[in-house]
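The next block holds one structure in the form of structure tokens; read it before the comments.
Number of protein chains: 2
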Amino acid sequence: MSKVITPQEEDYSKWYNDIVQEAGMAENSPVRGCMVIKPYGFAIWEKMRDALDARFKATGHQNASFPLLIPKSFLSKEADHVEGFAKECAVVTHYRLKNDPNGKGVIVDPDARLEEELIIRPTSETIIWSTYKNWIQSYRDLPLLINQWANVMRWEMRTRLFLRTAEFHWQEGHTAHATDREAIDETILMLNEYANFMENYMAVPVIKGVKTANERFAGAVDTYCVEALMQDGKALQMGTSHFLGQNFAKAFDVKFLSREGKEEYAWATSWGTSTRMMGGLIMTHSDNEGLVLPPRLAPIQVVIVPIINKNTKDRLSDIAKVVDKIKAEIPNVTVKYDDDDTRTSGFKFAEYELKGVPIRIAIGLRDLENNTCEISRRDTREKTNVSLDGIGQYITDLLEAIQTNLYQRALAHRTALTTKVDTWDEFVDVLNNKSGFIYAHWDGTSQTEEAIKEATKATIRCIPLNNPAEKGVCVFSGKESNQRVLFARAY
Amino acid sequence: MSKVITPQEEDYSKWYNDIVQEAGMAENSPVRGCMVIKPYGFAIWEKMRDALDARFKATGHQNASFPLLIPKSFLSKEADHVEGFAKECAVVTHYRLKNDPNGKGVIVDPDARLEEELIIRPTSETIIWSTYKNWIQSYRDLPLLINQWANVMRWEMRTRLFLRTAEFHWQEGHTAHATDREAIDETILMLNEYANFMENYMAVPVIKGVKTANERFAGAVDTYCVEALMQDGKALQMGTSHFLGQNFAKAFDVKFLSREGKEEYAWATSWGTSTRMMGGLIMTHSDNEGLVLPPRLAPIQVVIVPIINKNTKDRLSDIAKVVDKIKAEIPNVTVKYDDDDTRTSGFKFAEYELKGVPIRIAIGLRDLENNTCEISRRDTREKTNVSLDGIGQYITDLLEAIQTNLYQRALAHRTALTTKVDTWDEFVDVLNNKSGFIYAHWDGTSQTEEAIKEATKATIRCIPLNNPAEKGVCVFSGKESNQRVLFARAY
Chain A
1 MSKVITPQEE DYSKWYNDIV QEAGMAENSP VRGCMVIKPY GFAIWEKMRD ALDARFKATG
61 HQNASFPLLI PKSFLSKEAD HVEGFAKECA VVTHYRLKND PNGKGVIVDP DARLEEELII
121 RPTSETIIWS TYKNWIQSYR DLPLLINQWA NVMRWEMRTR LFLRTAEFHW QEGHTAHATD
181 REAIDETILM LNEYANFMEN YMAVPVIKGV KTANERFAGA VDTYCVEALM QDGKALQMGT
241 SHFLGQNFAK AFDVKFLSRE GKEEYAWATS WGTSTRMMGG LIMTHSDNEG LVLPPRLAPI
301 QVVIVPIINK NTKDRLSDIA KVVDKIKAEI PNVTVKYDDD DTRTSGFKFA EYELKGVPIR
361 IAIGLRDLEN NTCEISRRDT REKTNVSLDG IGQYITDLLE AIQTNLYQRA LAHRTALTTK
421 VDTWDEFVDV LNNKSGFIYA HWDGTSQTEE AIKEATKATI RCIPLNNPAE KGVCVFSGKE
481 SNQRVLFARA Y
Chain B
1001 MSKVITPQEE DYSKWYNDIV QEAGMAENSP VRGCMVIKPY GFAIWEKMRD ALDARFKATG
1061 HQNASFPLLI PKSFLSKEAD HVEGFAKECA VVTHYRLKND PNGKGVIVDP DARLEEELII
1121 RPTSETIIWS TYKNWIQSYR DLPLLINQWA NVMRWEMRTR LFLRTAEFHW QEGHTAHATD
1181 REAIDETILM LNEYANFMEN YMAVPVIKGV KTANERFAGA VDTYCVEALM QDGKALQMGT
1241 SHFLGQNFAK AFDVKFLSRE GKEEYAWATS WGTSTRMMGG LIMTHSDNEG LVLPPRLAPI
1301 QVVIVPIINK NTKDRLSDIA KVVDKIKAEI PNVTVKYDDD DTRTSGFKFA EYELKGVPIR
1361 IAIGLRDLEN NTCEISRRDT REKTNVSLDG IGQYITDLLE AIQTNLYQRA LAHRTALTTK
1421 VDTWDEFVDV LNNKSGFIYA HWDGTSQTEE AIKEATKATI RCIPLNNPAE KGVCVFSGKE
1481 SNQRVLFARA Y
């Protein structure tokens, strides 16, 4: 067992922090709530970003860049938006420092006060729709399909690396459409792109659904989401896609001349995923030895370690030849050969397990004789002796198998931790003693939703898409209900 | 001549703004000094970013992410740095807004004042070196080779799109080394990477040199730079690479145990290029018809326009077949086929010239008969009828030829606008009547440098690397000089 990682069963939260830090993913910075994403963590984020970005482009979106700062008055233009977003955010009030006349250092120059304060964007609907006003005149300017990769800031009081930080990285798509139907289709399209990415790249199974009014994005008509279940039975919202109706178009007066020659307000969507997904990735697959990464997102997919000692150093060149042969057979796989002779192979094994490298290959003297190598897969920690004949295909297949296994394992875990409950006692019992997703009847009122949250800290994660109709009674109020909804305690 | 672009000879500055806006590169935002980078402009920036990023990774660097905000006190830790940087920057003083009790909208909550103000990073040496303190203990932790792609903010009073904006995008490399020699080598290595990128991708010839003490980065021991000459004879600094000595290591107490077991301060470099390069790209190649892009950075490398009219619409499918054939021959070239029938081919020709698409192919009915197409190159605006046999190779070769021609043309322009002068009268005369780069003797003092700047607005752009020694007398002071240095008026 790893010496640096607190076991999950001892303290899941501490285990998470240990993984993030010891695997070189991220750390806290001197600025409260802001993290430093370290090179290894950032390399994983780059792979996630590139995969998503390719899908955005394949579905017709273009990237652009909008200002970091938003005039304070913009936030108040959309009534719901300001209630939900304007409050906890970083406010720029001055634009100059000066030398402290009374001593060392610098002070804020009181003469450099901004006429209107600027807010570091917590999200960009307002600044973007104020821009769209000039970009949209006719139906021919629509649809406008734009995405931005950006840093945003929300002044969170309790922060956790990746899961909830004051500054975080994300992408925010902001589209404008001529009809409500087209905007809703876009909202669902991007929700599906998110789900496909999470399941096929992150190997994280997700449930697609729509949020209740209570949990809706501030300014949205409907908020769709993808929800995943972590190893500890708590839910994590992995991404959201909002149908914004004409709310922002009206707030920023974005009208267009329709094909029929009528002036109309544009229909909007916005959708986002963030570095929070990194937390979801960790809490879906990793174990007490460290990170476990799906091959498609691993910065190093295969690591090769030579097994030699001081007396057999002269055989290193023979091992290097085998390494070249393996590499040549898998040109599209990221391979690291670690022949650093200042570290033991035992140290290296632990290091690459900690970093979640999907496949480790060890090559020793006996392997040279036998034309073999030892292959260890990170997900199951199984070791196998494998012939070098056909090794390329073996590795390619194994990477696929690991990718699939991680998904299947996570899905099985979610299935095991998903419970249908019909009574309030059962609801509380499952939450406290089993945890996980709970499908239960709900009477459809915000009042009941809040009372349940108050009593148990469980929230309605979503009303799943294509939810089957089913008559029943609300677990809390006993009132009539037409469907079960998805409850969980959440991050 | 384009109807939307002011001719260069009429007003170069207005021409520049017209190009930036009309070609869909960028525009001003509602936030003073902050720009919106529009999709077409951002697509060019992405190509620049990806090409640079690949070179950074190929030379052993890794990306990471450091906080947007920097505690005010950090800026004062390196004495020169605070003088150069701490002053004109956005200051965050509060972290919450609240509803205005006296009316509509929101106000800054006076109870949410930060204990220590935070600065939006104007550059990240301080926050990064405060982090490196925990990352560097031993020579084995070195070299530390990290880059960050980020947005930064400097409160500029007079802004111009791309060239000087309050918020801009850039990359900043920050490396730590065990020896001064290694850090200096890194500084030069990255300078060369910049120069290679600018010449081979941007087709912008640059002069590599070192800045005088006056023009040095605040906190650097030596600042190296790459300087380019714009069409109007003014210089543009395209990128800088700094040898920082042990200044930041000392300011943030970053020590390591050397191979010899001695405690030493780490040696540092930092190097950066920004969206400013976009301005340099425009002002090197573009003309009165619009943008001219080097093929390697063009989001669309080839556009194909069908030449039909209402009576020949039925032939569109025949043209589409030819387009497919052409596309199949150039799988690595980005081709757009524009068969939008609501716009005339004349409109399209102007549009793609404005956007700087390197090659335009027109296909009409006669072409279908003759197995030809008409190829127009954007750089020279020459048109040629070309057989479809071997069209793929023709296009590939032509893209290469355009890339080379743009570089050669810019180099010829720079050569024509580079003058050796030996007297003050000549110096002033060339500046006022010819402009461009001037090689002149300088006595090596900051006093003379400032006096020349005061008198003419010309600055020493750099002391070129491998500058030949040459005895002479300073054009301004008449004192002895050992070499000519490079003067120009600059952006």
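From first to last, the protein sequence lines are chains A and B.
When you line the first sequence up against this note's numbering, it's residues 1 to 491, in that order.
When you line the second sequence up against this note's numbering, it's residues 1001 to 1491, in that order.
Note that beta-carbon positions come from the ideal geometry of N, C-alpha and C, so glycine has one too.
The structure presented is a predicted model; accordingly, all values stated were derived computationally and were not measured.
- Among the residues of chain B, those whose CB is under 9 Å from the CB of residue 95/A are 1088, 1089, 1090, 1091, 1155 and 1166, following chain order.
- For residue 61/A, the secondary structure class from DSSP, reduced to helix, strand or coil, is coil.
- Take the alpha-carbon of residue 1322/B and the one of residue 485/A: they are about 55 Å apart.
- Taking CB atoms only, residue 1310/B has no neighbour in chain A less than 8 Å away.
- A buried status is given to residue 1436/B, since no fewer than 16 other beta-carbon atoms sit within 10 Å of its beta-carbon.
- When the five nearest sequence neighbours on each side are left out, the beta carbons in the same chain lying within less than 6 Å of the beta carbon of residue 169/A are those of 151 and 275, in order along the chain.
- Contact with chain B is found for residue 62/A, since one of that chain's Cβ atoms lies less than 8 Å from the residue's Cβ.
- Contact of residue 1034/B with chain A by beta-carbon distance below 8 Å involves 67, 68 and 69.
- In this structure, residue 272/A lies near residue 171/A, with their beta-carbon atoms less than 8 Å apart.
- For residue 1303/B, the uninterrupted beta strand (DSSP E) run begins and ends at 1302–1306, by DSSP.
- The beta carbon of residue 1251/B does not come within 8 Å of any beta carbon belonging to chain A, so the residue lies off that interface.
- Between residue 51/A and residue 162/A, the beta carbon gap of about 18 Å keeps them out of contact (Cβ cut-off 8 Å).
- Put simply, the CB of residue 235/A is far from chain B, with every gap to its CB atoms at 8 Å or more.
- At a cut-off of 8 Å between C-beta atoms, residue 1221/B does not count as an interface residue with respect to chain A.
- Residue ranges of uninterrupted beta strand (DSSP E) with 3 or more members, entirely inside the region 1354–1386 of chain B and ordered along the chain, are 1359–1363 and 1372–1377.
- If you compare the alpha carbons of 1458/B, 1447/B, 1324/B and 1289/B with that of residue 1379/B, the shortest gap goes to 1289/B.
- By the CB criterion at 8 Å, residue 307/A and residue 364/A fall inside the cutoff.
- Straight-line measurement puts the Cα of residue 1449/B at about 10 Å from the Cα of residue 1477/B.
- Inside the region 167–210 of chain A, DSSP marks whole alpha helix (DSSP H) runs of 4 or more residues at positions 180–200, from first to last along the chain.
- Boundaries of the beta strand (DSSP E) harbouring residue 1116/B: 1113–1120, taken from the DSSP string.
- Annotated as proximal: residue 137/A and residue 256/A, with beta-carbon spacing under 8 Å.
- Pairwise C-beta distances place the region 130–148 of chain A in contact with the region 172–181 of chain A, as three or more of them are shorter than 8 Å.
- Contacts with chain B at 8 Å (Cβ-Cβ) do not include residue 177/A.
- In this chain, the alpha helix (DSSP H) harbouring residue 409/A covers 391–416.
- At a C-beta separation below 8 Å, residue 1043/B has these neighbours in chain A: 62 and 63.
- Residue-level contact check: residue 1081/B does not touch chain A, since none of the beta carbons of chain A fall below 8 Å from its beta carbon.
- Of all residues in the region 128–139 of chain A, only 130 and 131 place a beta-carbon less than 7 Å from a beta-carbon of chain B.
- The three-state secondary structure of residue 278/A, taken from DSSP, is helix.
- Between residue 1212/B and residue 1242/B, the gap from beta carbon to beta carbon reaches 8 Å or more.
- Here the alpha carbons of residue 1141/B and residue 1070/B stand approximately 25 Å from one another.
- In terms of Cβ geometry, residue 1438/B and residue 1488/B form a close pair [threshold 8 Å].
- Judged by beta-carbon spacing, residue 1095/B lies within the 8 Å limit of residue 88/A, meaning their Cβ atoms are closer than that value.
- Residue 238/A has no beta-bridge partner at all, per DSSP.
- Interface with chain B (8 Å Cβ-Cβ cutoff): residue 169/A is included.
- Think of a sphere of 9 Å around the beta carbon of residue 72/A: the chain B residues whose beta carbon falls inside it are 1097, 1105, 1106, 1107 and 1108, in chain order.
- By the CB criterion at 8 Å, residue 1235/B and residue 1205/B fall outside the cutoff.
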